[in-house]
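Q: Pasting a structure here, questions to come.
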Amino acid sequence: MTAPPAEPMPSALPPAEPDISTVPDVSGHFARYGGRFAPEALMAALDELTAEYEQARKDPEFQAELGALLSGYAARPTLLTEAKRFGREHAGGCRVLFKREDLAHTGSHKINNVLGQALLTRKMGKTRVIAETGAGQHGVATATACALFGLECAVYMGEEDTRRQALNVSRMRMLGAEVIPVTTGTRTLKDAMNEAFRDWVTSVQTTHYCIGSVGGPHPFPMMVRDFQRVIGLEAREQILNTAGGLPDAVIACVGGGSNAIGIFHAFIPDDKVRLIGCEADGTGEPGRNAATISRGSPGVLHGMRTYVLQDDEGQTLGTHSISAGLDYPGVGPEHAWLKDSGRAEYRAISDADAMEAFAMLCRTEGIIPALESSHALAGAVQVGRELGGNGTILVNLSGRGDKDMETASRWFGV
Amino acid sequence: MSTATSSSAAASPKTSAVTVAFERARAENRAALVGYLPAGFPDVPTAIAVALAMAETGADVIEVGLPYSDPLMDGPVIADAVHRALSNGTRIHDVLLTVEAIASVGTPALVMTYWNPVDHYGVARFARDLASAGGSGLITPDLTPDEAGPWLAASGETGLDRVFLVAPSSTDERIGAVAQACRGFVYAASLMGITGTRDAVSGQAAGLVARVRGHTALPVAVGLGVSDPAQAAEVAAFADGVIVGSAFVRRITDAPDPKAAIAAVRDLTSALAEGVRQRRS
């Protein structure tokens, strides 16, 4: 049922299964997860968005326009890079390949989704876009697309995150976006999302809320997944070409989970390929981690039923991760479903392990990864060692680490 | 969609305290006054005392807010208050105690809650405990009938009222479906926005109420942005109920001590109770 976004790649190779989406159902449910737990005031806008998107995804003109933007503006397809030294020295001798979303325009996979939603915004005749952002990668991507499309842009960002991701705040402002620091709650991604919803309830007639991950009320989890599927569609073809077969494992970091869903999705029908999501375990203590699937329980947050980090009365717990982009107490509902169905596995990566993997990549491959992606790299180190050197691992290198230089310098004392 | 009377009559096993309160107001040719307070703000005993003062001075129905960590339909006044209630250690048990105290003086109490705390507590268990405490039902700002299956069942079994919201952006089709699922009254959000006081009553409120009336015989109460007696009178001209929240919370926030908070809430309740009797248009 899912029409994949237009692919700029030639398709002489065995394609990923064309119809692999049994979820979500028409009301946005991934079995017991997902749905639409949203204020009535937003229902009309969510219905409108669903209808526009359903039309767009069957519309060859829309898909062609998006495809042209992805290839001519966002620099797709992104490269598949073999990481020989990293694999040999740190991942148990396994063959490690990186899907280089860090090389996409704006420096992360976020641009894939944002270009799609910007096109929809224009189709709906809305003139203003709002977004939440944690690390600032989605905020920068949104500000970029708004500049390109001539849309007004406001980005909500936790005050704590504006400090630790100051470079991205400057980038957003240079791109003409208003960055609104959020001082409520824990002052991180969750609170930025609360404020964006408050804005949207007030401004919905003229404003599109461009959610940056595979979370929120239906249709966002499905729509953002579809816009991010291009990652896995490309990677699957590339790895068949490069490695001559499918990988043993596909590994990605999971905050809300958009880069992970993006790369996992094309591999879901490939039963033998393990799909491994790496969550942020922070220090591992209660309230000091963001490992939602590993340590949370089902609940309702930000319009969706999913795993939530919550206390015994359903209050959202505080979170911590060294990576602002993973510092979130919920997760996309499709991940919750993949977890329960057993198709994907999730592990929790500590701040320390992520930072160690960050340094490993810098020194062995000359690539400075985002702290978010470093959690996937730490997962690759673990899995590579578990596989004992006889495997092939595909890692989604979801973003680049320029924004994290200050945090990394402080961590390593350099 | 639905015929005007079917929803309330068919779905209601007995006449709820909320229904009685609205019928009484209608018989007196006035609107009902619905006041909101978060449980546990500024602390549990003071919140109970304030609620009782509200009941005594003219509130027909009281909404007890269940404090939640992510109140995304609330503006800063209520968001700060519930944050303080949570910081003070307010628990669901305290919410039920507050409900019990209000119900014991004969004023109907509804719990206003975001969905996750109820979901986590267990919907059926929450409904049983709320009914045992004498509570009348729930108002659910982030739960629409679309996702309310377990709550529709639990409220059916316990006879609790279920108040869903409609908004100016709601289509007629949705208004029909929401009104059909409501029991007690229909909550009409007067404007597109979050809770907080406004300088004037939204121009969208009267039109929305009229649209709701095309679908149900249930009372329609208007909330969001109604804060003073003049606004209450204006809303009372076209609605069956006037809901005031942030203005009460602000009085409590601004009061130097519990005694002053109680006095301030008394004053405001009395003034609003006069307002809903003026039906100025």
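Chains as they are written, first to last, in my numbering: chain A, 17 to 430; chain B, 194 to 474.
C-beta atoms are modelled at their ideal positions from N, C-alpha and C, and glycine is treated no differently.
Contact check, residue 258(B) vs residue 229(B) under 8 Å by CB: the rounded distance?
A: Counting from 1 along the second sequence, the entry for residue 258(B) is found at position 65. Counting from 1 along the second sequence, the entry for residue 229(B) is found at position 36. Correct: roughly 6 Å between the Cβ atoms.
Q: Do residue 146(A) and residue 66(A) have their CB atoms nearer than 8 Å?
A: To locate residue 146(A), count along the first sequence from 1; it is residue 130. To locate residue 66(A), count along the first sequence from 1; it is residue 50. Cβ atoms of residue 146(A) and residue 66(A): not closer than 8 Å.
Q: Output needed for residue 376(A): all residues of its chain with C-beta closer than 6 Å, excluding positions within five of it in sequence on either side, in chain order.
A: Here residue 376(A) refers to the residue found at position 360 of the first sequence. If we look at residue 376(A) and ignore the five residues flanking it on each side, its Cβ neighbours are 106.
Q: What do you reckon, are the CB atoms on residue 316(B) and residue 347(B) nearer than 8 Å?
A: Along the second sequence, read from residue 1 onward, the residue named residue 316(B) stands at position 123. Along the second sequence, read from residue 1 onward, the residue named residue 347(B) stands at position 154. In contact: residue 316(B) and residue 347(B) (Cβ atoms closer than 8 Å).
Q: Give the straight-line distance between the Cα atoms of residue 366(B) and residue 114(A), rounded to the nearest whole angstrom.
A: The sequence position of residue 366(B) within the second sequence is 173, counting from 1. The sequence position of residue 114(A) within the first sequence is 98, counting from 1. Cα-Cα distance, rounded: 49 Å.
Q: Quick one: list the residues of chain A neighbouring residue 336(B), beta-carbon separation under 7 Å, in chain order.
A: Here residue 336(B) corresponds to residue number 143 of the second sequence, with the count starting at 1. Under the 7 Å cutoff, chain A gives 53.
Q: Do residue 304(A) and residue 432(A) count as a contact pair if the criterion is CB distance below 8 Å?
A: With chain A covering only 17 through 430, there is no way to say anything about residue 432(A).
Q: Taking 8 Å as the threshold, find out whether the region 412 to 430 of chain B comes into contact with the region 383 to 398 of chain B through three or more Cβ pairs.
A: Because the criterion of three Cβ pairs below 8 Å is met, the region 412 to 430 of chain B and the region 383 to 398 of chain B touch.
Q: Pull up the DSSP beta-bridge partners for residue 298(A), would you.
A: Against the first sequence, residue 298(A) aligns to sequence position 282. Bridge partners of residue 298(A): 366(A).
Q: By the 8 Å beta-carbon criterion, what residues does the region 379 to 398 of chain B contribute toward chain A?
A: Result list: 382, 385, 386 and 387.
Q: Is residue 348(B) close to chain A? Criterion is C-beta to C-beta, closer than 8 Å.
A: The residue given as residue 348(B) occupies position 155 in the second sequence. No, residue 348(B) does not count as interfacial toward chain A.
Q: Does residue 263(B) pass the burial test, meaning 16 or more other C-beta atoms within 10 Å, or should it be called exposed?
A: Mapped onto the second sequence, residue 263(B) falls at position 70. The residue in question, residue 263(B), is buried, as its Cβ has 16 or more Cβ neighbours within 10 Å.
Q: Taking the beta strand (DSSP E) that residue 283(B) falls in, what are its first and last residues?
A: Here the question's residue 283(B) lines up with position 90 in the second sequence. Element bounds for residue 283(B): n/a, residue is neither H nor E.
Q: Residue 214(A) touches chain B at which residues, Cβ-Cβ below 7 Å?
A: In the first sequence, counting from the first residue as 1, residue 214(A) sits at position 198. The contacting residues are 265 and 387.
Q: To the nearest angstrom, how far is the alpha carbon of residue 383(A) from that of residue 272(A)?
A: Translated into positions along the first sequence, residue 383(A) becomes position 367. Translated into positions along the first sequence, residue 272(A) becomes position 256. Roughly 24 Å separates the two Cα atoms.
Q: Below 8 Å on the Cβ atoms is my contact criterion, and I expect residue 294(B) with residue 368(B) to pass it. Report the Cβ-Cβ distance as a whole number of Å.
A: As a first step, residue 294(B) is located in the second sequence; it is residue number 101 there, counting from the start. As a first step, residue 368(B) is located in the second sequence; it is residue number 175 there, counting from the start. Actually they do not touch by this definition, with Cβ atoms about 35 Å apart.
Q: How about residue 379(B) and residue 411(B): do their beta carbons lie closer than 8 Å?
A: What you label residue 379(B) is simply residue 186 of the second sequence in a count that begins at 1. What you label residue 411(B) is simply residue 218 of the second sequence in a count that begins at 1. Yes. Within cutoff.
Q: Sorted by chain position, which residues of the same chain lie with C-beta nearer than 6 Å to residue 34(A)'s C-beta, five sequence neighbours on each side aside?
A: Here residue 34(A) corresponds to residue number 18 of the first sequence, with the count starting at 1. Confidence at residue 34(A) is low in this model, with a pLDDT of 45, below 50, so its placement is unreliable and the value that follows should be read with caution. If we look at residue 34(A) and ignore the five residues flanking it on each side, it has no Cβ neighbours.
Q: Looking at chain B, which residues of the region 262 to 275 of chain A have a Cβ within less than 8 Å of any of its Cβ atoms?
A: Cβ contacts with chain B: none found.
Q: Below 8 Å, can you find three or more Cβ-Cβ pairs linking the region 386 to 396 of chain A to the region 87 to 94 of chain A?
A: No: the two stretches stay apart, fewer than three of their Cβ pairs being nearer than 8 Å.
Q: Contact defined as beta carbons within less than 8 Å: I believe residue 50(A) pairs with residue 349(A). What is the distance between those atoms, to the nearest angstrom?
A: Your numbering for residue 50(A) matches position 34 in the first sequence. Your numbering for residue 349(A) matches position 333 in the first sequence. About 4 Å; that satisfies the 8 Å criterion.
Q: Assess, as a yes-or-no matter, whether the region 271 to 291 of chain A is touched by the region 244 to 262 of chain A under the definition of 3 or more beta carbon pairs within less than 8 Å.
A: The region 244 to 262 of chain A is in contact with the region 271 to 291 of chain A.
Q: Just the chain A side, please: which residues come within less than 9 Å of residue 309(B) by C-beta, in chain order?
A: As a first step, residue 309(B) is located in the second sequence; it is residue number 116 there, counting from the start. Result: 53, 315, 316, 317, 324, 326, 330, 331 and 332.
Q: Please classify residue 275(A): does DSSP put it in a helix, a strand, or coil?
A: Within the first sequence, numbered from 1, the residue matching residue 275(A) stands at position 259. In the structure shown, residue 275(A) sits in a helix (DSSP, three-state: H, G or I).
Q: Evaluate residue 230(A) with the Cβ neighbour count: other Cβ atoms within 10 Å of its Cβ, from every protein chain shown; 16 or more gives buried, anything less gives exposed.
A: In the first sequence, counting from the first residue as 1, residue 230(A) sits at position 214. Residue 230(A) is buried by the Cβ-count criterion.
Q: State the start and end residues of the unbroken alpha helix (DSSP H) segment that holds residue 460(B).
A: In the second sequence, the residue the question calls residue 460(B) occupies position 267. Residue 460(B) -> alpha helix (DSSP H) spans 451 to 471.
Q: Does chain B have any CB closer than 8 Å to the CB of residue 411(A)?
A: Translated into the one-based positions of the first sequence, residue 411(A) becomes position 395. No, its Cβ sits nowhere closer than 8 Å to a Cβ of chain B.
Q: Are the CB atoms of residue 264(A) and residue 408(A) within a distance shorter than 8 Å?
A: By 1-based counting over the first sequence, the position of residue 408(A) is 392. By 1-based counting over the first sequence, the position of residue 264(A) is 248. For residue 408(A) and residue 264(A), yes; Cβs fall inside 8 Å.
Q: Residues of chain B with CB closer than 7 Å to the CB of residue 68(A), please, in chain order.
A: Mapped onto the first sequence, residue 68(A) falls at position 52. Here the premise fails: no neighbours, minimum Cβ distance about 16 Å.
Q: Should residue 52(A) and residue 314(A) be called a contact, given that it needs their Cβ atoms to be closer than 8 Å?
A: As a position in the first sequence, residue 52(A) is number 36, starting the count at 1. As a position in the first sequence, residue 314(A) is number 298, starting the count at 1. No, they are not a contact pair.
Q: List the endpoints of the continuous beta strand (DSSP E) containing residue 111(A).
A: Within the first sequence, residue 111(A) is the residue found at index 95, counting from 1. Residue 111(A) -> beta strand (DSSP E) spans 111 to 116.
Q: Of all the CB atoms in chain A, is at least one closer than 8 Å to the CB of residue 371(B)?
A: Taking the first residue of the second sequence as position 1, residue 371(B) is located at position 178. Yes, residue 371(B) counts as interfacial toward chain A.
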